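Enquirer:
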Amino acid sequence: MPRLLIVGAIAVAVLAGCGGDDDGAASAREVAQSYADAQTSSDFEQVCDLFSDELRQQFGGDDCSRFLEEQSSGLPKRQFRLTSVDEQGDRATATLVTPGESGEPVQLQISLQREDGDWRVSGIGERPSA
């Protein structure tokens, strides 16, 4: 798995002051912000908590947080910033920006979907250049 995707999988954040869904569940924007914040603070347990069941299995299942911590050891800490969220029904796409290995900004795209009524991160990848 490319290092950038692993680094991308290691970020999380919650957007302060943003309202959740009508049923009290966190909005797609809040979950994406939580992901960015968690990645920035290297809170791998929180990152894994935000993953869908399927994505968590791809990153070590019950050992997800330990897997992410091991994969990120030796990597510099990076700031992750949420720049946009496009929500369409039960699916959403969020764009994050983080410094790449060269120091230049890299855009990451995370996919979100509703799972048992809650938004979960269901995919992580580098955003294609426009």
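Okay, so the sequence shown: first residue is 20 according to this note's numbering, each after it adds one.
No residue lacks a Cβ here, since even glycine has one placed at the ideal position from N, Cα and C.
Given the structure is predicted, the values throughout are model-derived calculations rather than measurements.
#1: Along the chain, where does the alpha helix (DSSP H) that runs through GLU88 open and close?
#2: Taking its Cβ as the centre, do 16 or more other Cβ atoms sit within 10 Å of GLU89, making it buried, or is it exposed?
#3: Do you know how far the Cα of LEU69 is from the Cα of GLN126?
#4: Just to confirm, are PHE86 and GLY93 a CB contact at a threshold of 8 Å?
#5: Is it the case that the Cβ atoms of SER84 and THR112 are separated by a distance below 8 Å?
Expert: Quick answer:
#1: 83-91
#2: Exposed is the call here.
#3: 20 Å
#4: no
#5: Taking C-beta atoms as the reference points, SER84 and THR112 fail to come closer than 8 Å.
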